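Visitor: Pasting a structure here, questions to come.
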Amino acid sequence: MSRTIDLNADAGESYGAWTMGDDAALFPSLSSVNVACGFHAGDPLTIQKVLALAKRHGLLVGAHPGYPGLPGFGRRILEATPDQVYADVLYQVSALGGMCRAAGVPLSHVKAHGALSTRAWTHAETAKAIGHAVRDFDPTLPLVVLPATLLETEARGLGVPVVLETFPERAYLKDGRLAPRSMPGSSIHDPQEAARRAVMMVKEGRIEAIDGGFFEFQVDTLCIHGDNPNAVQIAQAVRAALQAEDIGVRAFLPHPREGQV
């Protein structure tokens with residue numbers, strides 16, 4: 395393959411009897427996963443099951459911390475203080491790190507979920523709190539971020555390694571932000587269109603913006619949202635299209651040193 399790209403999805407996003415997505419069907423197409431830590435979704439038993447499934451498929455595992463808000467799936471921005479954001483992120487990453495250690499699966503990265511991530515795109519104090527929490531847990535642990543956001547800027551300023559992420563099944567504004575879900579056309583459900591966009595993102599480093607023009611970026615990983623009703627078909631189509639263009643699907647970094655979480 396002339397180059398490679400990571401393909402990730404959020405996983406373990408359950409709440410009571412409600413389950414988001416089909417992890418078992420999705421995982422064979424991926425190279426990494428971000429596991430819900432219990433605040434926006436997930437629970438200890440689900441985490442155990444997801445870690446075992448990820449280990450079986452040889453996937454990198456990351457922590458996916460969010461705002462506390464199970465009923466709203468962590469998609470409502472909370473006016474949390476920087477101290478609260480720091481403590482919440484550190485707690486969630488630590489919990490998942492401990493379960494990873496017990497499962498014999500290295501914790502390889504952190505990716506903020508939903509409204510917590512959205513808030514950190516433009517709110518420096520939230521971005522700094524997330525970066526500080528990740529750095530204090532493990533200064534070598536990468537943070538997965540949307541390019542051209544304050545979260546990227548603040549993480550780099552703190553010396554936290556970053557992995558740049560884009561979404562082939564979500565529309566973009568020309569300033570680099572994801573189009574709000576309330577905007578028509580903000581989510582792409584056609585697997586072949588998502589696959590076309592994925593190839594363009596990797597080969598050209600840009601994508602058409604829903605409000606005109608293009609958003610240009612560097613990218614290390616592509617994300618498929620598990621709550622997309624066609625997530626499994628999209629992941630399969632994206633992987634096939636990438637490979638047809640001589641682009642391999644491979645995790646974005648090697649596993650950490652043995653024993654490191």
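In this note's numbering, the protein residues as written are 395 to 655. Ideal Cβ placement from N, Cα and C applies to all residues, glycine included. This one's a predicted model, so the numbers in the text were calculated from it and none came from an experiment.
Rounded to a whole number of angstroms, what is the C-alpha to C-alpha distance between Ala635 and Gln478?
Guide: Whole-angstrom Cα-Cα distance: 42 Å.
Visitor: Could you tell me whether the Cβ atoms of Leu552 and Arg529 are closer together than 8 Å?
Guide: Yes, they are a contact pair.
Visitor: If you follow the alpha helix (DSSP H) that Ile524 is part of, which residue opens it and which one closes it?
Guide: Looking at the DSSP string, the run of the alpha helix (DSSP H) that includes Ile524 is Ala518 to Phe531.
Visitor: Check whether the region 517-524 touches the region 567-581, counting contact only when three or more Cβ pairs, one atom from each stretch, lie closer than 8 Å.
Guide: No, they do not touch.
Visitor: Name the two residues that bound the continuous alpha helix (DSSP H) containing Ala592.
Guide: Run containing Ala592: Pro585 to Glu598, per the alpha helix (DSSP H) assignment.
Visitor: Please look up how many angstroms separate the CB atoms of Leu490 and Ala457, rounded, as I've assumed it's under 8 Å.
Guide: Confirmed, Cβ separation roughly 4 Å.
Visitor: Is Gln478 near the ligand COA, judged by its Cβ being under 7 Å from some heavy atom?
Guide: The ligand COA is not part of the structure shown, which contains no ligands of any sort.
Visitor: Between which two residues does the alpha helix (DSSP H) carrying Leu545 extend?
Guide: Segment Leu544 to Gly551, the alpha helix (DSSP H) holding Leu545.
Visitor: Name the residue from His619, Lys597 and Gly620 whose alpha carbon lies nearest to the alpha carbon of Asp640.
Guide: It is Lys597 whose Cα lies nearest to the Cα of Asp640.
Visitor: Leaving out five residues before and five after Lys449 in sequence, what residues of the same chain have Cβ atoms less than 6 Å from its Cβ?
Guide: Taken in chain order, the residues that qualify are Val499.
Visitor: Report the CB separation of Thr615 from Glu559 in whole angstroms; it is logged as a contact under 8 Å.
Guide: Contact flag correct, Cβ pair sits at about 5 Å.
Visitor: What separation, rounded to the nearest whole angstrom, lies between the Cα atoms of Gly606 and Ala565?
Guide: Distance between the alpha carbons of Gly606 and Ala565: 11 Å.
Visitor: When the Cα atoms are used, what is the spatial distance from Leu567 to Phe609?
Guide: Rounded to whole angstroms, Leu567 to Phe609 spans 7 Å at the Cα level.
Visitor: To the nearest angstrom, report how far apart Ser408 and Ala446 are at their CA atoms.
Guide: Taking the straight line from one Cα to the other gives about 16 Å.
Visitor: Which residue wins for smallest C-alpha separation from Thr534, given the options Leu572, Leu544, His517 and Pro555?
Guide: The shortest C-alpha separation from Thr534 is found at Pro555.
Visitor: For Thr516 and Leu454, I'd like the C-alpha separation in whole angstroms.
Guide: Cα to Cα, Thr516 sits roughly 28 Å from Leu454.
Visitor: Does Pro536 pass the burial test, meaning 16 or more other C-beta atoms within 10 Å, or should it be called exposed?
Guide: Answer is buried; the Cβ neighbour count reaches 16.
Visitor: Based on Cα-Cα distance, which residue from Thr398, Cys431 and Arg397 lies nearest to Ala405?
Guide: The option with the nearest alpha carbon to Ala405 is Cys431.
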